[in-house]
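Trainee: Counting the sequence shown from 1 gives a position; the working numbering is that position plus 49. A virtual CB, placed ideally from N, CA and C, is assigned to each residue, including glycine.
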Amino acid sequence: MREVLSCLRQLQKVDLEMLEIVKIRDTFPAKVRDLEKQLASEQSKLAKTQASFDTIHDERTEKHNKFKEDDERLKKWERRLNESKNAREASALAREIDAHKRLNQELEEEVLKLMEQEELEKASLTSFESTIQEIEEKLAKERAVCEEKLGDLNQQIAVFESDRQQYVEQLPKPLLRRYEGVKRARGGLAVVEVRNGCCTGCNMRLRPQLHNTVLKGKSLETCPGCKRMLYHQEEGAADAS
Ligand SMILES: [Zn+2]
């Protein structure tokens, strides 16, 4: 039984080390995913700003064209007024010109306001574009790092896999299944030490009888609280875990 327990503890040790590597390995794709999300968000902001810019630009162009047409018409009327010999016609024309000048002035102000808005949108567009470029550069680097690290880490994991195989072969199949089941259910930790009468997996104090059985180390006992397999580390003995 001591050999089985020792083998289980070795297997647990390899599995915990492997779990750490797997955790590290999984942070790399997470960084890439995070950057991809950021990129998508900035691209959608850029698209919205572009649409808004286009709308303002179209409106500004339309109003500007109308302003130019009206301005031409005003000039024509002013020429006619200068050439007019008829006093009644001249005064009617002068009133018309005044009214249209006011309208055209308002139109010109609107065009200027739209130009200012357009400038602002243009500035946001430039800023989004440079943010996107930054993210794309980071993403390309992170993808390269990720690929390289993943290669390294997968190699390490492969070494652990072959390491654990020697312990797996030494353990009876039903025990191995039990170990794997507890490991899955308990965050990777299936074999724990009993210290000062307590399970170090869940801190539950064991009944004295169970504690004594674990101390003897002649059978494989389970913690009633967390179902993990228990062992006792003898004083002065080399720690296997
Ligand atoms: Zn426990």
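Decide if residue 73 is buried, meaning its Cβ has at least 16 other Cβ atoms within 10 Å, or exposed.
Mentor: Exposed.
Trainee: Would you check whether ligand 1 has a heavy atom nearer than 7 Å to the C-beta of residue 277?
Mentor: The answer is yes for residue 277.
Trainee: Once DSSP output is grouped into helix, strand and coil, what is the label at residue 271?
Mentor: Strand.
Trainee: Suppose contacts are defined by Cβ-Cβ distances below 8 Å. Is residue 70 in contact with residue 205 by that definition?
Mentor: Yes, they are a contact pair.
Trainee: Report the CB separation of residue 237 from residue 68 in whole angstroms; it is logged as a contact under 8 Å.
Mentor: Indeed, because the Cβ distance is near 5 Å, the residues count as touching under 8 Å.
Trainee: Report the CB separation of residue 88 from residue 188 in whole angstroms; it is logged as a contact under 8 Å.
Mentor: Between residue 188 and residue 88 the Cβ distance is about 6 Å, and since that is below 8 Å, they are a contact.
Trainee: In this structure, how does DSSP classify residue 247 when only helix, strand and coil are distinguished?
Mentor: Of the three classes helix, strand and coil, the one that applies to residue 247 here is strand, per DSSP.
Trainee: Taking the alpha-carbon of residue 175 as reference, which of 65, 143, 102 has the nearest alpha-carbon?
Mentor: Of the listed residues, the one whose Cα sits closest to residue 175 is 102.
Trainee: So if DSSP puts residue 280 in a beta bridge, which residue, or which two residues, is it bridged to?
Mentor: Residue 280 is bridged to 242.
Trainee: Thinking C-alpha only, which one of 233, 134, 264 is nearest residue 248?
Mentor: Taking only the C-alpha atoms, the option nearest residue 248 is 264.
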